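Those sequence lines, one after another, are chains A and B.
Position 228 of the first sequence, counting from 1, maps to 208 under this note's numbering, and the rest follow consecutively.
Position 122 of the second sequence, counting from 1, maps to 102 under this note's numbering, and the rest follow consecutively.
Glycine included, each C-beta is placed from N, C-alpha and C at the ideal position.
Predicted model only: the values in this text are computed from it and were never measured.
There are 2 protein chains.
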Amino acid sequence: MSHRPLLSNASVPLTKEVEVMDERGRLSTISIPAERPLTLYIDKRELVTLMTLGGAPESLILGYLRNQRLVKAIEDIEAIQVDWEVEAAAITTRNGIADLAERTSKRVVTTGCGQGSVFGGLMDEVDKITLPADARLRQGTLYKIVDTIRTQQSIYKQAGSVHGCALFSGDGEMLYFVEDVGRHNAVDSIAGRMWLDGVRGEDKVFYTTGRLTSEMVIKGAQMGIPFLLSRSGTTQMGHMVAEKLGMTLLARCTGKHFLALTGKERLIMEPHLADVLRVA
Amino acid sequence: MSHRPLLSNASVPLTKEVEVMDERGRLSTISIPAERPLTLYIDKRELVTLMTLGGAPESLILGYLRNQRLVKAIEDIEAIQVDWEVEAAAITTRNGIADLAERTSKRVVTTGCGQGSVFGGLMDEVDKITLPADARLRQGTLYKIVDTIRTQQSIYKQAGSVHGCALFSGDGEMLYFVEDVGRHNAVDSIAGRMWLDGVRGEDKVFYTTGRLTSEMVIKGAQMGIPFLLSRSGTTQMGHMVAEKLGMTLLARCTGKHFLALTGKERLIMEPHLADVLRVA
Chain A
-19 MSHRPLLSNA
-9 SVPLTKEVEV
1 MDERGRLSTI
11 SIPAERPLTL
21 YIDKRELVTL
31 MTLGGAPESL
41 ILGYLRNQRL
51 VKAIEDIEAI
61 QVDWEVEAAA
71 ITTRNGIADL
81 AERTSKRVVT
91 TGCGQGSVFG
101 GLMDEVDKIT
111 LPADARLRQG
121 TLYKIVDTIR
131 TQQSIYKQAG
141 SVHGCALFSG
151 DGEMLYFVED
161 VGRHNAVDSI
171 AGRMWLDGVR
181 GEDKVFYTTG
191 RLTSEMVIKG
201 AQMGIPFLLS
211 RSGTTQMGHM
221 VAEKLGMTLL
231 ARCTGKHFLA
241 LTGKERLIME
251 PHLADVLRVA
Chain B
-19 MSHRPLLSNA
-9 SVPLTKEVEV
1 MDERGRLSTI
11 SIPAERPLTL
21 YIDKRELVTL
31 MTLGGAPESL
41 ILGYLRNQRL
51 VKAIEDIEAI
61 QVDWEVEAAA
71 ITTRNGIADL
81 AERTSKRVVT
91 TGCGQGSVFG
101 GLMDEVDKIT
111 LPADARLRQG
121 TLYKIVDTIR
131 TQQSIYKQAG
141 SVHGCALFSG
151 DGEMLYFVED
161 VGRHNAVDSI
171 AGRMWLDGVR
181 GEDKVFYTTG
191 RLTSEMVIKG
201 AQMGIPFLLS
211 RSGTTQMGHM
221 VAEKLGMTLL
231 ARCTGKHFLA
241 LTGKERLIME
251 PHLADVLRVA
């Protein structure tokens, strides 16, 4: 059991009802997802403001600090206190963060939703990452994962306009499911949960509804996860980074369909399963 | 005719062919959109690295400088030279940018795709914006716009995984259409074109395939555009900001369907048109 920082358990409504008028002038009410600012203060110094759904703020902050490499070990974090009243989060570290200003100065505005800004040096790290060559994923497990997502209760089904991310075990059991207005927040929230629970990525499968842009692939790699699945597509850099890392990238995962882009050797193909009718 | 800075006309492939394997083990080749870094240097000082499709880098940079409020007037920009060989853009200003470091220090990591980071003070500006109350949009014009987008040649149709944005005149003529891996890049590219051509937003209609998050709505408002249309949905903050600004927000615009969320009084409803069969 890894060290657990003192965390608040802040909750806030995730949807809002608004009145709409359709093409025939009919009025009705729909749900839309929340989107709210959360300003992070590290040891009382303002770091950044994240725009988030607000479903898992403490995990989001943990994952943000981890993926931005602002904090090396979770032991360095003493407490995270989220207060939605003031839309702020107080992060207390054990020893402070060295040269924070300098480390947050180099900025990359990325393709990704949500966590659009990443502090520099991401690509430098990629070279240091090795993913397990012997990890395998069965086509049947892939279908189990896609079907689990399909039947998952979600803000998306209720209100749309959010991205979902999930972490699965190698045999297709869902460990975490997080949604946010930006898919990068969802990724970071998963990374935060993994950090908190001491879960390693080497035998896991990561699923996202969002596109597999370079930053998404890099974040998957940072979590040490060999399999990255998406309902959506990928980009040239996402593809290039995955190829460089030997990550298994699967796009367009819906129903029985998928496209394996990189790391095909990790797939255990069971093509006959593609003929099995999907359980409604 | 407004001042035109000296601009390069850099071009680069927007798609790449990659080999994929499907669920039956069949190999084929698909196109994926490009995604490449473009590092901006203002008067030889590094500003930021944008991840972009690369279709309209000069317009993107112009719009970025405008929407981030780094440059007040286009007259202050002497030249923008994009060099894909080194993935860099040299921006030459007439008088330099005062306290650049200070002005780029306060960061908001937004929900939006692509242009995830906005320098502070966006919301402060919102209060100063007024949109024309007398602007009107006919339902028939809305349908003309949606159909124009539907039939538009695009990277999206060819390779997927990009967002499109377009600017239309009040009677539904398309003025600009830009795609990028991040929808905020696409918005900024449109803002850049408008700046370059001296086009005002007050009688225009803005269309995006992406979600109407707070930052998208704020950017539409910064361009002075009263109508914001999306194929997708909106978020609570996008809705709140549009309501505050009295902007007309239309979501789920596909075929004959749409949902008017705010500023309904600007719509000239022609509900009988919802019954007309769509021209294939």
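Simplified DSSP state of residue -17 (chain A), which is helix, strand or coil: DSSP places residue -17 (chain A) in coil when its eight states are reduced to three.
Sequence-distant residues of the same chain with beta carbon closer than 6 Å to residue 236 (chain B), five excluded per side: Closer than 6 Å at the Cβ level, and outside the excluded window around residue 236 (chain B), lie 254.
Under the DSSP definition of a beta bridge, which residues are partnered with residue -2 (chain B)? B:10
Could you check whether the Cβ of residue 217 (chain B) sits closer than 7 Å to any heavy atom belonging to the ligand NAD? This structure does not include the ligand NAD; it has no bound ligands of any sort.
How many Å lie between residue 96 (chain B) and residue 179 (chain B) at the Cα? Residue placement at residue 96 (chain B) is poorly supported in this model, since its pLDDT is 39, which falls under 50; the coordinates still yield a value, given next. For residue 96 (chain B) and residue 179 (chain B), the distance between alpha carbons rounds to 25 Å.
Three-way DSSP call (helix, strand, coil) for residue 144 (chain B) in this model: strand
Alpha carbon of residue 70 (chain A) to alpha carbon of residue 173 (chain A), nearest angstrom: 18 Å
For residue 177 (chain B) and residue 169 (chain B), which I take to be in contact (beta-carbon distance under 8 Å), what is that distance rounded to the nearest angstrom? At roughly 13 Å, the Cβ-Cβ gap does not stay under 8 Å, so residue 177 (chain B) and residue 169 (chain B) are not in contact.
Counting along the chain, where does the alpha helix (DSSP H) carrying residue 37 (chain A) start and finish? 37 to 47 is the extent of the alpha helix (DSSP H) around residue 37 (chain A).
Run down chain B in chain order and give the residues with a C-beta less than 8 Å from the C-beta of residue 167 (chain A). Simply none; closest approach about 13 Å.
Compute the distance between the beta-carbons of residue 19 (chain A) and residue 32 (chain A), then report whether it is under 8 Å. Contact: no.
Check whether the Cβ atoms of residue 175 (chain A) and residue 77 (chain A) sit closer than 8 Å, and answer yes or no. no
Straight-line CA distance for residue 238 (chain A) to residue 3 (chain B)? 6 Å
Would you call residue 98 (chain B) buried or exposed, if buried means 16 or more other Cβ atoms sit within 10 Å of its Cβ? Because residue 98 (chain B) carries a pLDDT of 45, less than 50, the predicted location of this residue cannot be relied on, and the following value inherits that uncertainty. It is buried - the Cβ of residue 98 (chain B) has at least 16 other Cβ atoms within 10 Å.
Output needed in chain order: residues of the region 129 to 140 of chain A with a Cβ under 8 Å from some Cβ in chain B. 139 and 140
Mind checking which residues open and close the alpha helix (DSSP H) that includes residue 121 (chain B)? Counting along the chain, the alpha helix (DSSP H) containing residue 121 (chain B) begins and ends at 119 to 131.
Check whether the region 212 to 228 of chain B touches the region 123 to 130 of chain B, taking contact to mean three or more Cβ pairs, one atom from each stretch, closer than 8 Å. Fewer than three Cβ pairs drawn from the region 212 to 228 of chain B and the region 123 to 130 of chain B lie within less than 8 Å of each other, which leaves the two stretches out of contact.
Does residue 251 (chain A) come out as helix, strand or coil in the three-state DSSP assignment? In the structure shown, residue 251 (chain A) sits in a helix (DSSP, three-state: H, G or I).
Going by other Cβ atoms of all chains shown within 10 Å of its Cβ, with 16 needed for buried, is residue 194 (chain B) buried or exposed? Per the 10 Å Cβ criterion, buried.
Kindly list the residues whose CB is nearer than 6 Å to the CB of residue 116 (chain A), restricted to its own chain and excluding five residues on each side of it in sequence; keep chain order. 246 and 248
Status (buried if at least 16 other CB within 10 Å, exposed otherwise) for residue 305 (chain B): With chain B covering -19 to 260 only, the question about residue 305 (chain B) has no answer from this structure.
Nearest residue (CA-CA) to residue 219 (chain A), options B:-3, B:62 and B:-16: B:-3
Nearest CA to the CA of residue 202 (chain A): which residue from A:43, A:10, A:67 and A:126? A:43
Which value, in whole angstroms, describes the spacing of the CA atoms of residue 49 (chain A) and residue 252 (chain B)? 57 Å
Within 8 Å (strictly less), CB to CB, does residue 10 (chain B) reach chain A? yes
To the nearest angstrom, report how far apart residue 157 (chain B) and residue -11 (chain B) are at their CA atoms. Just so you know, the alpha carbons of residue 157 (chain B) and residue -11 (chain B) end up roughly 17 Å apart.
Alpha-carbon to alpha-carbon, residue 59 (chain B) and residue 39 (chain A): Rounded to whole angstroms, residue 39 (chain A) to residue 59 (chain B) spans 44 Å at the Cα level.
Cβ separation of residue 184 (chain A) and residue 150 (chain A), assumed to be a contact under 8 Å, to the nearest whole Å: 7 Å
Can you tell me whether residue -7 (chain B) is buried or exposed? The criterion is at least 16 other CB atoms within 10 Å of its CB, across all chains shown. exposed
Alpha helix (DSSP H) segments (min. 4 residues) lying fully within the region 212 to 256 of chain B: 216 to 225
By Cβ distance, which residues of its chain are closer than 8 Å to residue 244 (chain B), with the 5 residues on each side in sequence left out? Cβ-Cβ distances below 8 Å link residue 244 (chain B) to 228 in the same chain, with the five nearest sequence neighbours on each side left out; the list follows chain order.
Selected residue, minimal CA-CA separation from residue 113 (chain B), among B:-17, B:250, B:15 and B:242: B:242
Output needed for residue -17 (chain B): all residues of its chain with C-beta closer than 7 Å, excluding positions within five of it in sequence on either side, in chain order. Closer than 7 Å at Cβ, skipping near neighbours: 54 and 55.
Same chain, Cβ closer than 8 Å to residue 213 (chain A), five either side skipped, listed in chain order: 191, 192, 231 and 232
Output yes or no for whether 8 Å exceeds the beta carbon distance between residue 205 (chain A) and residue 181 (chain A). yes
Measuring alpha carbon to alpha carbon, tell me which residue in A:166, A:138 and A:187 is nearest residue 36 (chain A). A:166
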